[in-house]
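Below you'll find the structure, written out as structure tokens, and then a few comments.
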Amino acid sequence: MRVYLDTFGATHAGKVRKNNEDSLLVGDGRDRSLFAVADGIGGFEAGEVASGIAIDVLKDLAPSDSLEDAIREANRGILESARSDEKLSGMGTTVVAARFRGAGGASGDEPLAEISHVGDSRAYLLRGGELKPVTEDHSLVAELVRSGDLTRAEASEHPQRNLITRALGAEEEVAVDTTVIPVEVGDRLLLCSDGLSDMVPEAKVGGILTSANDPEGSARALISAALDGGGADNITVVVIDVRDEPVEEPPAPKRNDTQELRAAPLVEDDAVPMPETRTPGRDSAAGQSKRGKKQDRGRKQRSLVGRALAALVRWTAALVVIAALATPFYLWANSQYYLGFDGGVVVIYRGLPPEYTLGVPLFEEHERTGLEESQVDELYRGQIVEHELKSLEEAERVVRDLRAEDDPPPERP
Ligand code: MN
Numbered sequence: 519m520r521v522y523l524d525t526f527g528a529t530h531a532g533k534v535r536k537n538n539e540d541s542l543l544v545g546d547g548r549d550r551s552l553f554a555v556a557d558g559i560g561g562f563e564a565g566e567v568a569s570g571i572a573i574d575v576l577k578d579l580a581p582s583d584s585l586e587d588a589i590r591e592a593n594r595g596i597l598e599s600a601r602s603d604e605k606l607s608g609m610g611t612t613v614v615a616a617r618f619r620g621a622g623g624a625s626g627d628e629p630l631a632e633i634s635h636v637g638d639s640r641a642y643l644l645r646g647g648e649l650k651p652v653t654e655d656h657s658l659v660a661e662l663v664r665s666g667d668l669t670r671a672e673a674s675e676h677p678q679r680n681l682i683t684r685a686l687g688a689e690e691e692v693a694v695d696t697t698v699i700p701v702e703v704g705d706r707l708l709l710c711s712d713g714l715s716d717m718v719p720e721a722k723v724g725g726i727l728t729s730a731n732d733p734e735g736s737a738r739a740l741i742s743a744a745l746d747g748g749g750a751d752n753i754t755v756v757v758i759d760v761r762d763e764p765v766e767e768p769p770a771p772k773r774n775d776t777q778e779l780r781a782a783p784l785v786e787d788d789a790v791p792m793p794e795t796r797t798p799g800r801d802s803a804a805g806q807s808k809r810g811k812k813q814d815r816g817r818k819q820r821s822l823v824g825r826a827l828a829a830l831v832r833w834t835a836a837l838v839v840i841a842a843l844a845t846p847f848y849l850w851a852n853s854q855y856y857l858g859f860d861g862g863v864v865v866i867y868r869g870l871p872p873e874y875t876l877g878v879p880l881f882e883e884h885e886r887t888g889l890e891e892s893q894v895d896e897l898y899r900g901q902i903v904e905h906e907l908k909s910l911e912e913a914e915r916v917v918r919d920l921r922a923e924d925d926p927p928p929e930r931p
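Residues in the sequence shown are numbered consecutively from 519, following the numbering used here.
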């Protein structure tokens with residue numbers, strides 16, 4: 519059977535953040551059946567660069583090429599850019615992408631959606647009035663839900679819910695999760711960034727998607743709801759309807775001639791609570807005019823999350839091990855040590871530095887070493903001010919080395 523896609527994508531900086539670090543693809547790449555949302559991470563606009571790179575790579579993906587490979591290529595591209603420019607160091611992005619396959623053509627081909635993701639940008643499927651999550655977040659709280667330490671409801675309120683355990687741009691290799699689902703006429707698929715899912719409860723998202731007439735109405739209502747819910751983050755939604763007939767005038771048949779897609783035009787609309795919409799991949803001029811204290815708060819929180827991410831991704835392997843063993847998170851945290859300066863002396867702390875946990879106290883003083891800040895060799899300073907996580911042995915070894923460096927060479931008798 520032949521199906522058609524009716525689609526609409528929109529993005530909005532939200533009420534707090536000055537920049538929009540989300541990017542989106544709405545069927546306007548080489549593969550017209552490909553849609554994506556990417557949520558960039560990294561201060562001073564680096565997040566925008568990272569999510570932009572991810573979308574550019576996807577835009578260039580040929581219909582016959584692997585979606586997972588493209589996501590891995592985006593990962594390498596982000597790492598390379600970050601290495602070549604210090605201002606972009608530590609940048610990363612989530613991505614969720616949906617690609618439609620097998621519609622029309624040979625008899626017996628059922629239309630499918632292939633959905634791949636990394637991080638906490640999500641895909642949902644609305645079918646028969648019921649909203650089902652298609653993706654599972656790669657986030658700290660989602661790991662805790664899977665291990666039974668948190669309920670889904672607790673996770674959605676959790677102060678650390680924005681800490682993600684996988685991102686593009688974090689490590690050389692990235693694990694991409696992919697789900698393939700059969701799609702039917704009448705299905706409505708949603709891709710979104712956490713600026714929607716954090717602000718609007720799932721039940722409400724389901725209600726909006728059920729009652730809206732079309733993808734455009736859905737996208738606009740979702741963005742309005744996220745703004746009403748606080749708009750604390752950039753909000754991006756892409757809505758795709760699977761239909762049995764084309765919408766208005768279909769574009770020229772596609773290369774593979776298996777389906778026809780209508781990527782709804784992204785219109786500029788200045789009407790007040792309406793989302794800013796923009797052409798994917800282009801820098802958004804909108805959203806730059808917000809001012810005042812709120813924007814500073816937004817930026818601060820952003821960089822905090824970014825630093826926490828940078829630190830956490832180094833420990834992704836450890837987190838995976840925790841999930842595998844279902845060891846409670848605090849047990850793991852309590853076996854971590856780090857060094858810091860306090861009152862001008864080097865202190866060994868047990869637990870996680872406050873910036874890893876968004877201020878939730880998960881650390882205690884283990885030992886005040888008596889080593890003064892002035893005695894610390896430049897070589898070790900970074901490890902101490904950046905609160906690098908260590909085992910107790912490593913932390914003690916650094917302190918020993920520092921003492922040895924500082925001691926004058928033994929005098930000959
Ligand atoms: Mn976000």
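Here a beta-carbon is modelled for each residue, glycine too, at the ideal position from N, C-alpha and C.
Specify which residues have a beta carbon nearer than 7 Å to any heavy atom of the ligand MN, listing them in chain order. Environment of the ligand MN, chain-ordered: D540, D557, S711, D712, G713, D751, N752, taking every residue with Cβ within less than 7 Å of a heavy atom.
What's the gap between the Cα of P709 and the Cα of V760? For the purposes of this step, residue 709 is identified with residue 191 of the sequence shown, where counting begins at 1. For the purposes of this step, residue 760 is identified with residue 242 of the sequence shown, where counting begins at 1. Sequence inspection shows Leu at residue 709; the Pro mentioned does not correspond to that position. Going by the C-alpha atoms only, they are around 14 Å apart.
Counterpart residues of Y945 in DSSP-defined beta bridges: Because the chain in this structure spans residues 519 to 931, residue 945 falls outside the shown range and cannot be described.
Give the secondary structure of S582 by DSSP, where H, G and I count as helix, E and B as strand, and everything else as coil. Mapped onto the sequence shown, residue 582 falls at position 64. Coil.
Determine whether the beta carbon atoms of N680 and R535 lie at a separation below 8 Å. The residue given as residue 680 occupies position 162 in the sequence shown. The residue given as residue 535 occupies position 17 in the sequence shown. No; because the gap between Cβ atoms is not below 8 Å, this pair is not in contact.
Is the separation between the beta-carbon of G713 and that of D540 shorter than 8 Å? Your numbering for residue 713 matches position 195 in the sequence shown. Your numbering for residue 540 matches position 22 in the sequence shown. Their beta carbons are under 8 Å apart, which means G713 touches D540 by this criterion.
Quick one: what does DSSP say R590 is sitting in, helix, strand or coil? To locate residue 590, count along the sequence shown from 1; it is residue 72. DSSP places R590 in helix when its eight states are reduced to three.
At which residues does the alpha helix (DSSP H) containing E675 begin and terminate? Mapped onto the sequence shown, residue 675 falls at position 157. That run of the alpha helix (DSSP H) goes 670-675.
State the start and end residues of the unbroken alpha helix (DSSP H) segment that holds A660. Taking the sequence shown and counting its residues from 1, one reaches residue 660 at position 142. Element bounds for A660: 658-664.
Please classify E648 as buried or exposed, where buried requires at least 16 neighbouring CB atoms within 10 angstroms. Here residue 648 refers to the residue found at position 130 when the sequence shown is read from its first residue. Exposed, because fewer than 16 other Cβ atoms sit within 10 Å of the Cβ of E648.
Are three or more beta carbon pairs between the region 659-676 and the region 731-742 nearer than 8 Å? no
Taking S742 as part of the beta strand (DSSP E), name the residues at either end of that continuous run. Taking the sequence shown and counting its residues from 1, one reaches residue 742 at position 224. From DSSP, S742 is part of no beta strand (DSSP E) but of the alpha helix (DSSP H) over 733-746.
Who pairs with E890 in a beta bridge, going by DSSP? Numbered from its first residue, the sequence shown carries residue 890 at position 372. Per DSSP, V863.
On the criterion of 16 or more Cβ atoms from any shown chain inside 10 Å, does K605 qualify as buried, or is it exposed? As a working mapping, residue 605 is identified with position 87 in the sequence shown. Answer is exposed; the Cβ neighbour count stays below 16.
Threshold first: 4 residues or longer. Then list the alpha helix (DSSP H) segments lying entirely within the region 698-729, N to C. 712-715, 720-729
Of the residues D574, L686, G637, the one placed nearest R594, counting alpha carbons only: Walking along the sequence shown from the start, residue 594 turns up at place 76. R594 has its Cα closest to that of L686, out of D574, L686, G637.
Select from V614, G900, S639, R645 the residue whose C-alpha is nearest the C-alpha of E632. For the purposes of this step, residue 632 is identified with residue 114 of the sequence shown, where counting begins at 1. With respect to the C-alpha of E632, the residue from V614, G900, S639, R645 having the closest C-alpha is V614.
Take R619 as the anchor and find which of E675, L668, T697, A673 has the nearest alpha-carbon. In the sequence shown, counting from the first residue as 1, residue 619 sits at position 101. Closest by alpha carbon: T697.
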